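Q: Can you read through this structure? Questions will come right after.
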Amino acid sequence: MKVDERIVGYVAAHDTNERRRWDLADGSKYGVEDATLRPRMILIWVADAYRHRGIGATLVQALATGFGCQVADVSWSTPVSAAGRRLARRLSPDGIWVS
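Just so you know, we're using the working numbering here: the sequence shown kicks off at 2 and counts up by one.
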């Protein structure tokens, strides 16, 4: 994502059909496995000066839209950082897919 000709955020992803459900609770185990082909975020990054402005959410939404799925269907690579868990809870409060 660009703002004033500067890169302020990006997401790297690939497709996967191996993922498990995670309720985002600290210490909880991964749940049900699913083999549906979906996008997997390998990395999402937003410049410090641009955090808390919705850029991360916009990147995840763009990934989902480009794949033709809902944000809740995007798989997150593990481990998910503390900042990533905060974003995930905002976007998918009932849990996320991890792989």
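All residues carry an ideal CB built from backbone N, CA and C; glycine is no exception. In this text, all values refer to a predicted model and were calculated from it rather than measured experimentally.
Do you know whose CA, among Gly-28, Val-81, Asp-5, Thr-66, lies nearest Ile-45's CA?
A: Counting from one through the sequence shown, the residue named residue 45 turns up at place 44. Looking at the Cα atoms, Val-81 is the closest of the given residues.
Q: Just the C-alpha distance for Pro-94 and Asp-27, rounded to the nearest angstrom, thanks.
A: Numbered from its first residue, the sequence shown carries residue 94 at position 93. Numbered from its first residue, the sequence shown carries residue 27 at position 26. Answer to the nearest angstrom: the Cα atoms are 14 Å apart.
Q: Count the other CB atoms within 10 Å of the CB of Val-99; is the residue buried (16 or more) or exposed (fewer)?
A: For the purposes of this step, residue 99 is taken as the residue at position 98 of the sequence shown. Under this definition Val-99 is a buried residue.
Q: Pull up the distance between the alpha-carbon of Arg-54 and that of Asp-5, whole angstroms please.
A: Translated into the one-based positions of the sequence shown, residue 54 becomes position 53. Translated into the one-based positions of the sequence shown, residue 5 becomes position 4. If you take the alpha carbons of Arg-54 and Asp-5, they lie about 15 Å apart.
Q: Among Lys-3, Arg-91, Trp-77, which residue has its Cα nearest to the Cα of Ile-43?
A: Within the sequence shown, residue 43 is the residue found at index 42, counting from 1. Answer by Cα proximity: Trp-77.
Q: Let me check one thing: in DSSP terms, what residues is Thr-17 bridge-paired to?
A: Here residue 17 refers to the residue found at position 16 when the sequence shown is read from its first residue. BP columns for Thr-17 point to Arg-39.
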